[in-house]
Structure formats: C-alpha cells, structure tokens
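Numbering (our numbering), first residue to last: 11 to 186. Virtual Cβ for every residue (Gly too), placed ideally from N, Cα, C.
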C-alpha cells in the first residue's frame, strides 16, 4: 500500500506505480511483502531492498531458486525500476508509461533516475513544518467529531486529516 494512502488516505495515480514496484520486488525475490521481515530490523520488503542497496548487495535479493539461471543486467534494471516506483514521495515516482518505456528498453534507466532525483528545496520543508507547528500551537481542545471548516484546509491538509502530525519524525525529510 502506498505510503500516502496508508498514512493520509490520499489515493493518487502514483499509488498504482508504488504497488507495481512492490509486485516487481516480490517477483524478483520470490517473497511476499506481507511476510515477517526479521532481517536486521527490516519491517517490509522495501526496507530490506534499501538495506541491501546500502550494503551494495542488491543481487542478494534475487530468488535463490533461480540459481544462476537469469540475466543479471535485466534483474538489476527491474530492481532499480522497482526502487523508483516505491519512493516515499509520489512526486518522485515515475509514471507507468515511463516504467513501461524503461522495461521495453526505449528509455534509459539513468534518464529516469536523474529526472526523479530533483529534491524539493529546504524552504518548502521548513514552510510545511512551520505550518504544522503553528497548527499544533493554536490547537484547542476540539474533538475529532467536530468538523473542520473549509477555510482551514490547504494544500497540506484536508478535512479527512484527523490525526496530529509528529514534527519530530524524520518522515517529512524522506519525502522532501
């Protein structure tokens, strides 16, 4: 399940891209994303893949049952496409058309990596953090049942946001 949907209930076209990335990783490794991942503190298949990438051992991801009967370059393309598809921020995920183009060999994977590596500047992160700090500071003892008026909503919040944001979390830094 895409992080933006799991955390905020936002369903976008990029949620399908995230799901494709998960399925691609499941096929490569022969394991389900929903299984227990006791491997070195990993909570999911994506965590495990990122751990292997940090260690430079992405080929350890490949299903052992394949033995050596696979093309390493094609597996690496699939793993890297899956990593692009499973980025935390939907803004940094490719479109499915781009994914298909890469897998068909029409687009170079490096082009996609450089296109999606644009990180939002620190000012935007700071503005978002200030917004939530101000919102928490001004928060009264309202209950979740009280409705949020339309004038309080913005690009950062919708009337379905009922949970407070932990500004000490590093989640926003991962996205932006």
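Just to confirm the assignment, what range does the alpha helix (DSSP H) spanning residue 23 have? 23-39
Around the Cβ of residue 33, are there at least 16 other Cβ atoms within 10 angstroms (buried) or fewer (exposed)? Residue environment for residue 33: exposed (fewer than 16 other C-beta atoms within 10 angstroms of its C-beta).
With residue 90 as the anchor, note down where its alpha helix (DSSP H) starts and where it stops. Its alpha helix (DSSP H) spans residues 82-95.
Close Cβ partners of residue 29 (< 8 Å) along its chain, the five nearest in sequence each way excluded: Residues of the same chain with a CB within less than 8 Å of the CB of residue 29, apart from the 5 flanking positions on each side, are 11 and 12 in chain order.
Cβ neighbour criterion (16 or more within 10 Å) applied to residue 16: exposed
Over the uninterrupted alpha helix (DSSP H) stretch that includes residue 106, give me the two end residues. 106-113
Meets three-Cβ-pair contact criterion under 8 Å: the stretch 67-85 and the stretch 98-107: no
Beta-carbon contacts of residue 82 that lie in its chain and below 8 Å, excluding the five residues immediately before and after: Cβ neighbours of residue 82 beyond the five flanking positions: 69.
Name the two residues that bound the continuous alpha helix (DSSP H) containing residue 57. 55-65
Please go through the same chain and pick out, in chain order, the residues whose beta-carbon is closer than 6 Å to the beta-carbon of residue 14, but skip the five residues on each side of it. The residues are 20 and 100.
If you measure from the beta carbon of residue 57 to each beta carbon in chain B, is any gap under 8 Å? Protein chains in the displayed structure number just one, and chain B is not present.
Three-state secondary structure (DSSP) at residue 118? coil
By the 10 Å Cβ neighbour count, where 16 or more other Cβ atoms means buried, how is residue 120 classified, buried or exposed? It is exposed - the Cβ of residue 120 has fewer than 16 other Cβ atoms within 10 Å.
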